[in-house]
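Numbered per my numbering, the sequence shown spans residues -9 to 381.
Where a beta carbon is used, it is the ideal one built from N, C-alpha and C, also for glycine.
Remember, it's a predicted structure, so these values are computed and weren't measured experimentally.
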Amino acid sequence: MSETADVVIIGGGIIGSSIAYHLAEAGCSNVIVVERGAAQGLGSTGQATGGVRAQFSTSINIQMSLYSIEFFSRFEEATGRKSGYQPNGYLFLATNEGHLDYLKRTRETQRAAGLETVEIVSREDIAAMIPQLHIDDILGGSYCPTDGLIEPLSVMRGFMERASSRGVRLWLSTEVNAIEVEGGEVKGVSTTRGHISTRAVVNASGAWAAEVARLAGVEIPVVPLRRQLVAARLPIDLPARLPMVIDMTDGFHFRRAPLDWTEPGVLLAWPDPMETFGFKMDFDEAFIGKVLTRAAHRMPLLAQAIVDPKRCRTGLYEMTPDHHAIIGLAPNVRGLYLANGFSGHGVMHSPATGRIISDLILHGETRLLDIKPLGADRFIEGRLLEETSIL
């Protein structure tokens, strides 16, 4: 079987779905999304915690978040499906002067980039906000009320359903065997379902981005990193407006259980510094004890948490050396677009990414924001960014 498409998107997760949506909304619906899974959301999208925030330390990440969060707030109007956006906020807790000074400096960067709602909060403010927290070692923190939570799978489906209604095709259970390049230009894609002639291919393949890029002879520094999430039930519920709480001591963070849980619960996460790169998808039960120890210290109530093994999960971050995404045209291959390496921020930056890639394909540029800092050539030219707010 042979097909022709204006655009082929490799990867049907939240990033690929957003790109398909934005293309279709702009009038480009002859698009094929190739997804190797039997259903959407079987990769990183389905394992995400659902946090969205603008509290970053670089202007580009802050601007990506500002556009995306505003989009999530009107998502149902745009797509017909709820995003689950809950503006409960993100609360960063500083336990030493260095961390508190960092939050104060970062707030100035955030305000300069257009984030006006972030504020530095005192220990007393934090105690009033969340009385259940252990605060003896907390000096202060930062809080942004427009940060919050979404439902990643609902957002992904909303994007794709709207795109499909406009003619975009989704090929499930389909793998890409080759990206055909002639004279430095994309000509087509070979898949297990057949050949697709196209002049534009988008790499939106998540943790497998480097492997997919190599199909076109392109090298990008994206590597997979396991992140584990512990789900637990609680005897009593946490506050309905509980923000995402981040302990800057070691990155431990937690949130209330998702809306579809029928009983009180919590999701617990921690970026284990001993984790190594690789396609590790197994859940390490030893991780549970490490997380529960940190949870009980920060909120004694969490010592009563009853782990729910069926809801514990593992996902893969797609990491770059500077913890920023790679967005834009691939070097040396015309027609190959990269939307990779989000380093844990793919879900929250999916609306901005979809808009940017759509603009680049249809207009050759984007006016949403200056994406030069996110170009793949920065790694060759030594223009690396520095994002320290990584969870």
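CA nearest to the CA of residue i, picked from the options
i, options, result
"residue 164", "155, 342, 146, 186", "186"
"residue 106", "207, 292, 132", "132"
"residue -2", "115, 320, 169", "169"
"residue 395", "214, 92, 134, 75", "Residue 395 is absent from the structure shown; the chain starts at -9 and stops at 381."
"residue 205", "179, 228, 216, 284", "179"
"residue 219", "143, 299, 229", "299"
"residue 80", "44, 216, 62", "44"
"residue 360", "41, 37, 12, 51", "51"
"residue 217", "233, 224, 200, 241", "241"
"residue 136", "94, 75, 246", "75"
"residue 1", "56, 78, 160, 127", "160"
"residue 109", "86, 134, 87, 88", "134"
"residue 86", "239, 222, 119", "239"
"residue 30", "90, 144, 104", "144"
"residue 120", "305, 322, 288", "288"
"residue 42", "11, 3, 336, 104", "336"
"residue 39", "249, 283, 92", "249"
"residue 233", "65, 78, 18", "78"
Inter-residue Cα distance where the pair is residue i and residue j
i, j, result
"residue 470", "residue 49", "Outside the displayed range of the chain (-9 to 381) lies residue 470, so it cannot be described from this structure."
"residue 259", "residue 177", "43 Å"
"residue 340", "residue 14", "15 Å"
"residue 231", "residue 244", "13 Å"
"residue 310", "residue 198", "12 Å"
"residue 324", "residue 102", "35 Å"
"residue 151", "residue 338", "19 Å"
"residue 153", "residue 194", "16 Å"
"residue 374", "residue 327", "20 Å"
"residue 271", "residue 37", "11 Å"
"residue 264", "residue 67", "43 Å"
"residue 274", "residue 294", "21 Å"
"residue 393", "residue 155", "Since the displayed the chain opens at -9 and closes at 381, residue 393 lies outside it and no answer follows."
"residue 162", "residue 27", "6 Å"
"residue 111", "residue 228", "21 Å"
"residue 201", "residue 94", "40 Å"
"residue 181", "residue 285", "46 Å"
"residue 57", "residue 189", "29 Å"
"residue 115", "residue 123", "12 Å"
"residue 317", "residue 364", "6 Å"
"residue 10", "residue 3", "11 Å"
"residue 203", "residue 224", "44 Å"
"residue 371", "residue 331", "18 Å"
"residue 92", "residue 266", "27 Å"
"residue 157", "residue 276", "47 Å"
"residue 209", "residue 252", "46 Å"
Cutoff 6 Å; reference residue i; Cβ partners in own chain excluding five residues on either side
i, result
"residue 96", "47"
"residue 281", "220, 258, 260"
"residue 20", "-5, -4"
"residue 7", "146, 149, 150"
"residue 303", "37, 219"
"residue 89", "238"
"residue 291", "122"
"residue 305", "34, 37, 217"
"residue 117", "125"
"residue 12", "344, 345, 348"
Integer Cβ distance of residue i from residue j, believed to fall under 8 Å
i, j, result
"residue 342", "residue 54", "4 Å"
"residue 262", "residue 83", "At roughly 19 Å, the Cβ-Cβ gap does not stay under 8 Å, so residue 262 and residue 83 are not in contact."
"residue 320", "residue 247", "With a Cβ gap of about 40 Å, residue 320 and residue 247 do not count as contacting."
"residue 34", "residue 138", "Going by Cβ atoms, the distance from residue 34 to residue 138 rounds to 20 Å, so no, they are not a contact pair."
"residue 141", "residue 73", "7 Å"
"residue 166", "residue 24", "6 Å"
"residue 278", "residue 297", "6 Å"
"residue 322", "residue 173", "Between residue 173 and residue 322 the Cβ distance is about 11 Å, and since that is not below 8 Å, they are no contact."
Cutoff 8 Å; reference residue i; Cβ partners in own chain excluding five residues on either side
i, result
"residue 401", "Residue numbering for the chain in the displayed model covers -9 to 381; residue 401 lies beyond these limits and cannot be assessed."
"residue 70", "148, 151, 152"
"residue 333", "307, 308, 309, 310, 313, 314, 315, 377, 380"
"residue 356", "345, 346, 349, 350"
"residue 104", "52, 53, 56"
"residue 358", "57, 342, 345, 346, 349"
Contacting residues, own chain, Cβ-Cβ under 7 Å from residue i (five flanking each side not counted)
i, result
"residue 16", "348, 352"
"residue 113", "125, 128, 129, 130"
"residue 222", "255, 256, 258, 295, 296, 297, 298"
"residue 211", "310, 311, 369"
"residue 171", "177, 206, 207, 323"
"residue 226", "254"
"residue 18", "-4, -3, 352"
"residue 59", "42, 44, 136"
So within the segment 284 to 368, which uninterrupted alpha helix (DSSP H) runs reach at least 4 residues, ignoring any that extend past its ends? 340 to 353
Please give the ranges of any beta strand (DSSP E) in the segment 256 to 286, keeping only runs that are unbroken, at least 3 residues long and fully inside the region. Within the segment 256 to 286, no run of beta strand (DSSP E) reaches 3 residues while sitting entirely inside it.
Can you list the beta strand (DSSP E) stretches of 3 or more residues lying completely in the segment -3 to 44, in chain order? -3 to 0, 21 to 24
In chain order, each alpha helix (DSSP H) run of at least 4 residues that lies wholly inside the segment 49 to 125: 49 to 63, 65 to 69, 87 to 102, 113 to 119
In chain order, which alpha helix (DSSP H) runs of at least 4 residues are fully inside the segment 182 to 249? If we require 4 residues or more, the alpha helix (DSSP H) runs fully inside the segment 182 to 249 come out as 199 to 204.
In chain order, what are the residue ranges of uninterrupted alpha helix (DSSP H) at least 4 long that sit wholly in the segment 140 to 186? 142 to 155
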